[in-house]
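Taken in order, the sequence shown gives residues 2 to 236; the numbers are from the working numbering.
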Amino acid sequence: MADSSRSGPAAPDGGTRTPSPGASASLSAQAREAVLQRIVDRRYAQGSRLVEREVAEELSMSRVPVREALRALVAEGLLELLPHSGVRVRRLALTDVEHLYEVWEPLAVQASRLAARAVAAGDGGRLVALEATLRQAESAAAADEGPREVAAHTAFHEGVVAMSGNPLLARTMEQLSWQLRLLFGLREEPGHMRAQHAEMYRHISAGDPEAAAASTLLHVRDSRAVALRTMFGES
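Okay, here's the thing in structure tokens:
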């Protein structure tokens, strides 16, 4: 039986209509999101080869949006080209992780500082959602559901950025979002890091910018040490 999800809508003359540029872009974005999620949850392991046809079949899509999605992920550095044989999931090197933390640290610290300032100015409307991510992380950890815990930790950091009220910071952090999700999924998630999130939340919700910044700096540097130790055996 033909897969109707792979073809465009029927044209009035009975042919197949070519998808509009907007529809094509939307499908490419969906394909990119799906491939990214599979990289993050390690269904596509580091170093594994991805074949365009096989990915398209798995996603029940035509090969065109999948091809565009894979090209985009190559440009973003999450995939790498193989000579004459498609692409593979890029292995994170020690320098990749160090560079990521070098960029993330000042942004995360400033996001917490700005979030606390927003609360101090009376804008604490996002605190309920931020606190909910802490409960989600605890629930996931109790159930030994690693991917759900990683998602909750990522949501916490994204929530702090949203509270900052700085759209430029938010756009910059968005560029790091998937690399951070991948990194969080590859390293260990020690219990004390959940406690560090709770400490960050306490200072943000109290509207204390410098305490929020200091606790975030400690957390990011500890996260870096955990990542380097568990992924590369570095102290």
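Ideal placement from N, C-alpha and C gives every residue a C-beta, glycine not left out.
Proximity below 7 Å, CB of residue i to CB of residue j
i: VAL41; j: GLU53; result: no
i: GLY147; j: ARG92; result: no
i: GLY1; j: ALA94; result: The structure shown does not extend to residue 1, since the chain spans only 2 to 236, so no value can be given for it.
i: ALA261; j: MET164; result: Because the chain here runs from 2 to 236, residue 261 falls outside it and cannot be looked at.
i: VAL88; j: LEU51; result: yes
i: ALA228; j: ARG182; result: no
i: ALA141; j: ALA130; result: no
i: VAL161; j: ALA112; result: yes
i: VAL98; j: THR217; result: no
Neighbour-count burial assignment, residue i, 16 or more Cβ in a 10 Å radius
i: ALA144; result: exposed
i: ARG114; result: buried
i: GLU235; result: exposed
i: GLY15; result: Note on GLY15: pLDDT 44, under 50, position unreliable in the model; the coordinate value appears next. The residue in question, GLY15, is exposed, as its Cβ has fewer than 16 Cβ neighbours within 10 Å.
i: THR19; result: The predicted model places THR19 with a pLDDT of 47, which falls under 50 and marks its position as unreliable; any figure quoted below should be read in that light. Exposed is the call here.
i: SER61; result: exposed
i: PRO10; result: With a pLDDT of only 42 at PRO10, under the threshold of 50, the placement of this residue in the model should not be trusted; the figure read from the coordinates follows. Label assigned to PRO10: exposed.
i: GLU159; result: buried
i: SER27; result: exposed
i: PHE233; result: exposed
i: PRO84; result: exposed
i: SER8; result: Note that SER8 has pLDDT 41, beneath the 50 cutoff, so the model's placement of it is unreliable and no number is given.
For residue j and residue i, the rounded distance between their alpha carbons
i: ALA32; j: TYR45; result: 14 Å
i: LEU101; j: MET194; result: 18 Å
i: GLY78; j: ARG127; result: 32 Å
i: HIS220; j: PRO191; result: 12 Å
i: ARG222; j: VAL104; result: 12 Å
i: THR17; j: LEU71; result: Here THR17 scores only 39 on pLDDT, less than 50, and its place in the model should not be relied on; the value that follows carries that caveat. The straight-line gap from Cα to Cα measures roughly 25 Å.
Range of the contiguous beta strand (DSSP E) that encloses residue i
i: LEU80; result: 80 to 82
i: ARG89; result: 88 to 90
Reference residue i; option with closest CA among the options
i: LEU108; options: VAL227, VAL36, ASN167 and PRO84; result: ASN167
i: ALA226; options: GLU159, LEU184 and GLU200; result: LEU184
i: GLN137; options: ALA199, GLU69 and VAL162; result: ALA199
i: GLU58; options: SER224, VAL36 and SER27; result: VAL36
i: THR155; options: SER165, ALA73, MET174 and LEU170; result: MET174
i: VAL151; options: SER165, GLU81 and THR134; result: THR134
i: ILE205; options: GLY192, GLY123 and ARG172; result: GLY123
i: GLU69; options: LEU128, SER29, SER140 and THR217; result: SER29
i: GLN38; options: THR231, TRP179, PHE157 and SER224; result: TRP179
i: SER197; options: ALA215, ALA112 and GLU211; result: In the sequence on display, residue 197 carries Gln and not Ser. Among ALA215, ALA112 and GLU211, the Cα nearest to that of GLN197 is on ALA215.
i: LEU80; options: SER86, ALA73 and VAL90; result: VAL90
Residue interval of the alpha helix (DSSP H) (run including residue i)
i: ASP97; result: 95 to 121
i: ALA226; result: 210 to 233
i: GLY192; result: 192 to 206
i: MET164; result: 147 to 165
i: VAL129; result: 128 to 143
i: MET62; result: Counting along the chain, MET62 falls outside any alpha helix (DSSP H), and DSSP gives it neither H nor E.
i: ARG182; result: 168 to 187
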